Amino acid sequence: MAIDIVVLANSILDNPFSSRVHNFLRKLSVYRTMFAPVILIREGSPLCNLFFGRLIDDRTESSHSYIEFLNYIRQEMQK
């Protein structure tokens, strides 16, 4: 599923950050014919809390949770 360039072009805000994000998304659609859906979440939106909640709780039996991973990195840096 490709990114709809028409929708993308109509949603560009007049600031450098918006231009960088849209250029990145445009390049994704050019260089990759298939990729996972891209969902942009605005800071402070309700989806932001949901995203971080799932990121922190994302754990399987064979891997660390996000918090465990951060603690591991901190411990390794202190060695």
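Just so we're on the same page, the working numbering is the position in the sequence shown counted from 1, plus 15.
Glycine included, every Cβ here is placed at the ideal spot set by N, Cα and C.
From a predicted model like this one, the values you see are computed outputs, not experimental measurements.
It is roughly 25 Å from the alpha-carbon of leucine 43 to the alpha-carbon of arginine 69.
Put simply, of Gln93, Asn86, Val53 the residue whose alpha carbon is nearest the alpha carbon of histidine 37 is Val53.
Rounded to whole angstroms, cysteine 63 and glutamine 93 show a C-alpha spacing of 31 Å. A direct Cα-to-Cα measurement between phenylalanine 32 and arginine 57 gives close to 12 Å. DSSP places arginine 35 in the uninterrupted alpha helix (DSSP H) bounded by 31-46.
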